[in-house]
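Here is the structure we will look at, set down as structure tokens.
In my numbering, the protein residues as written are 1092 to 1375.
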């Protein structure tokens, strides 16, 4: 193995070894809370689904890429390949939407009573399951094309035009129209949620800044101070998570947009996108 192959294999090995157990632990922790306390908060429900999405993404992408990097070939047949690529893209899209929902909900929680977001404080918990189910349905519907165009092998071992090369699987579109239309639709689908989570994060930071200035001029009880500190820590934790997602997914979408300008997408580009995507699975 050359230096690049060793680095690639080691990177995906680390992502797999850390990503799978950590997300499994989060899922088990929420399951334990659900069984012992009988109820999860809306933020806990969102984080649980986010952990499941990250776990699925790690298994379908990092694990597959790790095996390929270590020299394994033809690890999937056509049917398995379609499922692996499909569930990877679904889980990636879900991660973006659930992170956006989490940042929006946190912004709603810290929003003052005079804010337009205050009306959502009771609506989001009430319709949370409907929102999450609609996210799943939307992600499945917008990724169904992968079941049609994914394959494990190439004819004559030649990569045709308009192909995304994952090394363990190939996604080949019939012509340029399909290639660019599907690519742009997926780009704007994810970009809209990334912009929204960035806006909500900025809104939270502004509120926290105003709140910190106000607290300095007010004398409050120890109980009020501890509660304020707890809310501030929770908000900062969400903002930190969202900033990381925004940066990594922003880079990922920029690379995706660039890949639409070339006929054959090289494995190196897929590797870079894969590492940026899977790094997010460790930010929980």
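Just so it is clear, CB atoms sit at the ideal spot from N, CA and C, and this is done for glycine as well.
(request) Give the single residue among 1102, 1194, 1263, 1208 whose Cα lies nearest to the Cα of residue 1236. (result) Looking at 1102, 1194, 1263, 1208, the one whose alpha-carbon comes closest to that of residue 1236 is 1263.
(request) Specify, as a first and last residue, the run of the alpha helix (DSSP H) that residue 1259 falls within. (result) Run containing residue 1259: none; DSSP gives neither H nor E here.
(request) Name, in chain order, the residues that DSSP records as bridge partners for residue 1263. (result) BP columns for residue 1263 point to 1254.
(message) Just list the residues that DSSP pairs residue 1171 with in beta bridges.
(response) For residue 1171, which the question treats as bridged, DSSP gives no partner whatsoever.
(request) Would you identify the three-state DSSP class for residue 1101, choosing helix, strand or coil? (result) In the structure shown, the three-state DSSP call for residue 1101 is helix.
(request) Specify, as a first and last residue, the run of the alpha helix (DSSP H) that residue 1231 falls within. (result) Note, residue 1231: alpha helix (DSSP H), 1219-1233.
(message) Measuring alpha carbon to alpha carbon, tell me which residue in 1261, 1292, 1243, 1233 is nearest residue 1280.
(response) It is 1233.
(request) Give me the Cα-Cα distance between residue 1348 and residue 1129, rounded to the nearest whole angstrom. (result) If I take the Cα positions, the gap works out to 44 Å.
(request) Report yes or no: do the stretch 1235-1249 and the stretch 1287-1307 share at least 3 C-beta pairs separated by less than 8 Å? (result) The stretch 1235-1249 is not in contact with the stretch 1287-1307.
(request) Have a look at residue 1227 and residue 1303 and give me their C-alpha separation to the nearest angstrom. (result) If you draw a straight line from the Cα of residue 1227 to the Cα of residue 1303, it is about 38 Å long.
(message) Rounding to the nearest angstrom, what Cα-Cα distance links residue 1258 and residue 1102 in this structure?
(response) C-alpha separation (whole angstroms): 16 Å.
(message) For residue 1107, tell me which candidate among 1116, 1150, 1339 has the shortest Cα-Cα distance.
(response) That would be 1150, whose Cα lies nearest to the Cα of residue 1107.
(request) Compute the distance between the beta-carbons of residue 1202 and residue 1212, then report whether it is under 9 Å. (result) For residue 1202 and residue 1212, yes; Cβs fall inside 9 Å.
(message) Less than 9 Å between the beta carbons of residue 1171 and residue 1243, yes or no?
(response) In this structure, residue 1243 lies closer than 9 Å to residue 1171 by Cβ.
(request) Tell me where the alpha helix (DSSP H) around residue 1133 begins and ends. (result) For residue 1133, the enclosing alpha helix (DSSP H) has its first and last residue at 1133-1148.
(message) If you measure between the beta carbons of residue 1119 and residue 1143, is that distance less than 9 Å?
(response) No, Cβ-Cβ distance for residue 1119 and residue 1143 is not below 9 Å.
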